[in-house]
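Novice:
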Amino acid sequence: MAEKISHKSLLEQARQLESEDDFTGAIAKYNEALSNDPLTIAAYNRLMIIYRKQKAYKKELDTINKGIKSLEDHAHQTRATWMKAHRKAAKLSQALAKSLGQIDAKGKMTNEDPVITGWKHRKAMVLKRMKTP
Numbered sequence: 001m002a003e004k005i006s007h008k009s010l011l012e013q014a015r016q017l018e019s020e021d022d023f024t025g026a027i028a029k030y031n032e033a034l035s036n037d038p039l040t041i042a043a044y045n046r047l048m049i050i051y052r053k054q055k056a057y058k059k060e061l062d063t064i065n066k067g068i069k070s071l072e073d074h075a076h077q078t079r080a081t082w083m084k085a086h087r088k089a090a091k092l093s094q095a096l097a098k099s100l101g102q103i104d105a106k107g108k109m110t111n112e113d114p115v116i117t118g119w120k121h122r123k124a125m126v127l128k129r130m131k132t133p
């Protein structure tokens with residue numbers, strides 16, 4: 001029976017492999033960590049760095065898109081679950097958030113997670129690199 005490796009241990013092993021320039025092994029460990037927990041920001045960041053070093057911009061772009069989607073989906077699902085469970089408080093909170101300019105008329109947040117903002121900036125840079133020979 002295979003022993004289950006802890007999430008933290010996977011990330012540590014990936015960093016060790018990365019420091020030994022075993023990028024293939026590191027990528028496999030980071031992807032394993034992401035399959036265990038798709039919200040692991042550190043794993044996405046390290047994968048982006050590895051792909052950038054390898055000039056594998058398409059893979060870096062795919063990682064960025066996957067990370068953004070994962071975080072946005074989680075935030076949306078968490079918000080929807082809370083709003084459904086706390087309808088009365090949600091209605092009041094939504095009215096307050098709208099009056100403070102934190103959500104627009106459609107109920108969409110006007111500010112976003114700084115990690116997502118950073119990844120979107122990185123995405124723009126990758127797209128620029130992909131266009132430049």
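If you read the sequence shown in my numbering, its first letter stands for residue 1, the second for the next number, and so on.
Even glycine gets a Cβ: it sits at the ideal position worked out from N, Cα and C.
Note that the structure is predicted; figures quoted are calculated from it, not measured.
Just the Cα atoms here: how many angstroms apart are residue 97 and residue 26?
Specialist: 42 Å
Novice: For residue 115 and residue 41, what's the separation of their Cα atoms in angstroms?
Specialist: Cα-Cα distance, rounded: 8 Å.
Novice: When you compare each of 132, 118 and 88 to residue 45 by their alpha carbons, which one comes out closest?
Specialist: When 132, 118 and 88 are compared, the shortest CA-CA separation from residue 45 is found for 118.
Novice: With a threshold of 8 Å on Cβ separation, who are the neighbours of residue 15 within its own chain once the five nearest residues in sequence on each side are excluded?
Specialist: Shown here for residue 15: same chain residues with a beta carbon closer than 8 Å to its own, the five before and five after excluded, namely 26 and 46 in chain order.
Novice: So is residue 10 buried or exposed if we call it buried at 16+ other beta carbons inside 10 Å?
Specialist: buried
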